[in-house]
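Here the structure comes first, spelled out in structure tokens, and everything after it is commentary.
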Amino acid sequence: MTNYSFPDIVLVPFPFTDQITIKKRPVLILNSSDFSNRTPLIIASMITSSLTPLWPGDYILKEWEKCGLLHPSKIRLGKIVTLETDIILKKLGSLPSPEISKIKKIFKDVFSAMA
């Protein structure tokens, strides 16, 4: 079993909120390596090439090509899913170091009620 963890970016069949529609899309893995080692799951945030409108928790990737993405994209930290690792289609890349701290700050802002 391959271990996926933050800041990996992978391609998955992503479920829409209507619970019927599924679309292949990249996601940012949010879970730790330890979580991945101990479960058959990933916790991931949606990535979309639709750059507008911006929601709280959205982050427009500056270095999207380094992430293995085909188009300018944003991470939508407000759309998180838990998925089985066996549905991962492939690893696309990883979030570049300069963007990791920005994502962590936005994540803390979005989920500050949990702190």
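Here the working numbering is used: the first residue of the sequence shown is 1270, the next is one more, and so on.
Cβ coordinates follow ideal geometry from the N, Cα and C atoms, glycine included.
| query | With contact counted as at least three CB pairs below 8 angstroms, one residue from each stretch, are the stretch 1329 to 1349 and the stretch 1302 to 1310 in contact? | reply | The stretch 1329 to 1349 is not in contact with the stretch 1302 to 1310.
Handout entry: Whole-number beta carbon distance between asparagine 1300 and isoleucine 1311, since they are thought to touch under 8 angstroms
Key = The distance from the Cβ of isoleucine 1311 to that of asparagine 1300 is about 6 angstroms, consistent with a contact at the 8 angstroms cut-off.
ask   = Around the Cβ of tryptophan 1333, are there at least 16 other Cβ atoms within 10 angstroms (buried) or fewer (exposed)?
value = By the neighbour-count definition (other C-beta atoms within 10 Å, threshold 16), tryptophan 1333 is a buried residue.
From Ile1372, Thr1354 and Pro1282, pick the residue whose C-alpha is nearest to that of threonine 1271; which is it?
-> Measuring C-alpha to C-alpha distances from threonine 1271 to each of Ile1372, Thr1354 and Pro1282 identifies Thr1354 as the nearest.
Self-check item: Residues that methionine 1315 bridges to, as DSSP identifies them
Solution: Its beta-bridge partners are Val1296 and Arg1345.
- Message: Pop quiz: tyrosine 1273 and isoleucine 1298 are said to be a contact at Cβ under 8 angstroms. What is the actual Cβ separation, rounded to whole angstroms?
- Response: About 5 angstroms separates the beta carbon of tyrosine 1273 from that of isoleucine 1298, a gap short enough to meet the 8 angstroms contact definition.
Environment of leucine 1339 [buried if 16+ CB atoms lie within 10 Å]:
Its Cβ having fewer than 16 others within 10 Å, leucine 1339 is exposed.
Task: Contact under 8 angstroms by Cβ, lysine 1335 with aspartate 1277 - done: No, the pair does not count as a contact, with Cβ atoms beyond the cut-off.
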